[in-house]
């Protein structure tokens, strides 16, 4: 047998007596083959001896020399053996090798399954011990319940809330200690408690309950529950988890009270700010009314100054005109024609002074018509030197410092000449005891910061500095020098429009002006004029005018709403050799044009009632595109910049004008 088993790969040990067998038995033994002669010895062993040898569950193969043993005899034999022998296989002699090996293989597989089951049970026991230890020390309450809601497994934290080991939904005596609310704020019934829902197969993610212990007080809990299923997917119980959220709820309550307090404080603060804002608004409105009253008062003061200065000058001029005309009428009535030229010259001079003063007013308001073009500033200043020297006193020296290659400035040359003459006269008056007047030019490239500091825009400028060594301007008065009607001269000796005119002209030319002054040292005023690009079609000087020629019978339509001016234009143009048709407004002019077969020139005032002159010109040129147009205007807000106001074959002439100027301009326009 040993040889046969060894050939099959089994390790066999032969024991000749019971003591030797008991010494070999342990958990490594897969089976015991025993002859029936040893059975009496096994039956006589005490139970305590059998338990100490660890042979429980080892299969025994009993080889009996007795043939034909009945089932009753086998049961009797088995009953006599120790209880530790749980598996007994009987083989009768004679015994063949195949039967022996087959039986050994069968009991060997049975022994292996026993060992596997034993190892698995040991592992499960260890896992259960670990699980029980884990559950025991969890910081939350954990419980497994059966279908009746009774506790199967729980930890101390759970037993703190359920001391009687029965879920509250199945324990009417303790149901009232648990209060949960549904979505509408109503108390939950018992069948909606987490444990009851889990036993019905529902998964309860979380449900908040207030728990009232027997000792009093209130505890907030959050309960989760899931159903447990058997192998047939039938609910056999549930697992519950109870979390203490009392601290969280207390923090939420504290936060809610804090938010309520904060909201109340915010509302109170908001009301206070609204009250303060309302008060500030009322104060601002009061201040605005006071400022408006102050501005109105200042306007009235300005009007008073205008009345004192402008009215005085105009009265002097009108006196010269009216007086000269009266004397001329008297001399003509007496047929004394010898002094008429002298009186006519005096009237003309007074009227010219009035026209110049009107131009200064328009310059101050930035409403005079500018004919800006590319101008060489240095030659323009050189052409003024002789006039400036005659204007200054003998005790004042003129120093002209002109930078080479400063380029061209985009400016109206006539207005620039007037501005420089104005500044020079102001400088002369500021040096009663003599001094030096310096006029200098330079190129100024200003960045955004420099331009903002000077009150202009960034860019490239031609700068003209007019500096005197006079009495200077006090710091308290420096900010007022460009204000209208401001003057340090006695009432009636100045209008206060000199610097205002210069300021308005420079601003209208897209430039800016700056002033610095120190008392008893002098004043420097700088004109910043935008640099222009040269254009072949633009001329630098206005001296090169076309030759004035008389008319050759050309037809001119004159549109003027002022009777006196219309009469003057009619007479002057007819004397120059033109055929003249007159209209009082735009509608009458259109009617006449429809009746006229030919017309060579349209002369129209800009400020007409109804259709203005510019609109009339656009309508006429739609039907007669080649018809030249000459605008005449004393003031036209939209004609402030000629290049923007005038279209093709158009020219502008400002009032007042001389007959020579009228003749020259009409002749020039007809040649366009």
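Numbering (the working numbering), first residue to last: 12 to 683. Where is the CB? At the ideal position from N, CA and C, for every residue including glycine.
Item: Cα-Cα separation between residue 557 and residue 643, rounded to whole angstroms; Value: Confidence in residue 557 is poor, its pLDDT being 41 and thus under 50, which makes the residue's placement too unreliable to answer from.
Item: Through-space distance from residue 243 to residue 129, alpha-carbon basis; Value: 26 Å
Item: Boundaries (first-last residue) of the beta strand (DSSP E) holding residue 220; Value: 215 to 222
Item: Through-space distance from residue 527 to residue 415, alpha-carbon basis; Value: 25 Å
Item: Rounded separation between residue 205 and residue 101 - CA only; Value: 59 Å
Item: Cβ pair residue 395, residue 419 closer than 9 Å; Value: no
Item: Helix, strand or coil at residue 211 according to DSSP, with G and I counted as helix; Value: coil
Item: Residue(s) in a DSSP beta bridge with residue 472; Value: 455 and 541
Item: Contact test: residue 298 Cβ vs the ligand MN heavy atom, cutoff 8 Å; Value: This structure does not include the ligand MN; it has no bound ligands of any sort.
Item: Reduced DSSP category for residue 421 - H, G, I as helix; E, B as strand; rest coil; Value: strand
Item: Cβ neighbours of residue 405 in the same chain (closer than 8 Å, five flanking residues each side left out); Value: none
Item: Reference residue 425, options 645, 443 and 388, closest by Cα; Value: 388
Item: Straight-line gap, residue 487 to residue 294 (C-alpha atoms, nearest Å); Value: 29 Å
Item: Where residue 671 falls: helix, strand or coil (DSSP); Value: helix
Item: Under the three-state DSSP convention, the category residue 103 falls into; Value: strand
Item: Same chain, Cβ closer than 7 Å to residue 212, neighbours up to 5 away in sequence not counted; Value: 238 and 246
Item: Unbroken alpha helix (DSSP H) run spanning residue 597, endpoints; Value: 597 to 606
Item: Where the beta strand (DSSP E) through residue 155 begins and ends; Value: 152 to 157
Item: Cross-strand partners of residue 513 (DSSP beta bridge); Value: None; residue 513 has no bridge partner.
Item: Alpha carbon of residue 37 to alpha carbon of residue 99, nearest angstrom; Value: 17 Å
Item: Which listed residue (114, 637 and 402) has its alpha carbon closest to that of residue 12; Value: 114
Item: Through-space distance from residue 463 to residue 503, alpha-carbon basis; Value: Since pLDDT at residue 503 reaches only 40, below the 50 mark, its modelled position is unreliable, and no value is offered.
Item: Buried versus exposed, by CB contacts within 10 Å (16 or more), residue 401; Value: exposed
Item: Simplified DSSP state of residue 249, which is helix, strand or coil; Value: strand
Item: Contact belief for residue 255 with residue 230 at Cβ below 8 Å, rounded distance in angstroms; Value: 7 Å
Item: Meets three-Cβ-pair contact criterion under 8 Å: the stretch 611 to 631 and the stretch 568 to 587; Value: yes
Item: For residue 521 and residue 385, the rounded distance between their alpha carbons; Value: 14 Å
Item: Under 9 Å between C-beta atoms of residue 189 and residue 233; Value: no
Item: Per-residue DSSP class, three states only, for residue 256; Value: coil
Item: Boundaries of the alpha helix (DSSP H) in which residue 394 is found, first to last residue; Value: 388 to 402
Item: Short Cβ contact (9 Å threshold) for residue 677 with residue 562; Value: yes
Item: Where residue 519 falls, given that 16 or more other Cβ within 10 Å makes a residue buried; Value: buried
Item: Beta bridge counterpart(s) of residue 46 as assigned by DSSP; Value: 74
Item: Rounded separation between residue 96 and residue 50 - CA only; Value: 12 Å
Item: Proximity winner among 192, 682 and 41, relative to residue 16 (alpha-carbon distances); Value: 41
Item: Rounded straight-line distance, which links the Cα of residue 73 to that of residue 106; Value: 12 Å
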